[in-house]
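This report refers to the structure that appears directly beneath it.
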Ligand code: 1HE
């Protein structure tokens, strides 16, 4: 049975299929600075649940308007006056979405601009590649709002920039502008102009890889971070056994052997 994604079914996300299996997913509540309400989280769960089985080969994740994402919908949170267990379950849905992204095996390139803050930074951290333009900035303002991160910052932001920087950001609300953010490791690319266009280029490039290679890259590296080095090496060997003998790779290997495949060269 073929799984299909019904782009029209999404309301808070603008979901658009492009050619060659590349999709763009844009947070589409610019008036609310793309704040993550429960409905948006459910749509992220839905899309990234289907994507690995629907032939999606790469995704650009972006935000409409002047900001990528303002994090948790603070007004919804305020209005709902949630109990501890209710909010725990909210966070579990965030983790459901973000884990599907990080571990789903489909390359996700986040195109960042403007505010990438709180839960917005947690969302961006769940992507595999982050591209910023000069307007982007990151922060974890939860502490100032009387809150704590609940969407994985303790894990993923710490993974990107280390424990000391994460705690400093949480305690002081420190804001890092794009250049510093890239220098520190929040994002891999800083571009002039449109981070979306550049992210789309990267997505198209990644989509040229065999899906099984991308599945390994976009799930195994994360899984192996959770293992001992001993077990990770074992798992890597098994996975490479599967990926590196896939029939679809034979033509690529043959092209290398008969010298028709491009060589790896410096860009300059
Ligand atoms: C929002 C939100 C939001 C804007 N929830 N509605 N995140 C934060 O603490 C960031 C909070 N937001 C901001 O600091 C600013 O809004 C921005 C820097 C992102 C953008 O500033 P600006 O001047 O362009 O917009 P604005 O005038 O502040 O907001 C425009 C509208 O968006 C306004 O709604 P309106 O109906 O009055 O027009 C705002 O209320 C709305 N808006 N941000 C709800 N976050 C799982 S735990 C995760 C924990 C967290 O993520 S804590 C959140 C951290």
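In our numbering, the protein residues as written are 2 to 269. Glycine included, C-beta positions come from ideal geometry on N, C-alpha and C. Treat the numbers as computed from the prediction; the structure is a model and nothing was measured.
- In this structure, the beta-carbon distance from residue 50 to residue 15 does not fall below 8 Å.
- For residue 22, same chain residues with a beta-carbon under 8 Å away, outside a window of 5 residues either side, are 56, 57, 58, 59 and 208 in chain order.
- Approximately 4 Å separates the beta-carbon atoms of residue 128 and residue 111; this is inside 8 Å, confirming the contact.
- Minimum Cα-Cα distance from residue 175 among the listed residues 253, 139, 221 and 44 corresponds to 139.
- Linking residue 29 to residue 98 through their CA atoms gives a straight-line distance of about 17 Å.
- DSSP places residue 102 in the uninterrupted alpha helix (DSSP H) bounded by 85 to 104.
- Distance from residue 141 to residue 158 at the Cβ level is roughly 7 Å; contact confirmed, criterion being Cβ atoms closer than 8 Å.
- For residue 81, the three-state secondary structure derived from DSSP is helix.
- Across the set 82, 234, 8 and 134, the C-alpha of 134 shows the shortest separation from the C-alpha of residue 194.
- With the rule of 3 Cβ pairs closer than 8 Å, the segment 116 to 125 does not count as touching the segment 204 to 223.
- Annotation for residue 220: 104 and 106 place their beta carbon closer than 6 Å to its own, counting only its chain and skipping 5 residues before and after.
- Here residue 176 carries a coil assignment [DSSP, helix/strand/coil].
- Straight through space, the alpha carbons of residue 211 and residue 245 are spaced by roughly 11 Å.
- Relative to the ligand 1HE, the beta carbon of residue 68 is positioned inside 7 Å of a heavy atom.
- In this structure, the straight-line span from the alpha carbon of residue 152 to that of residue 196 is close to 24 Å.
- In the structure shown, residue 147 adopts coil according to DSSP, grouped into three states.
- The C-beta distance from residue 167 to residue 154 rounds to 7 Å, short enough to fall under 8 Å.
- In the structure shown, the three-state DSSP call for residue 61 is strand.
- Exclusion of the five residues before and after residue 67 leaves 115 as the residues of its chain whose Cβ lies within less than 7 Å of its Cβ.
- In the structure shown, residue 244 falls within a helical segment according to DSSP collapsed to helix, strand and coil.
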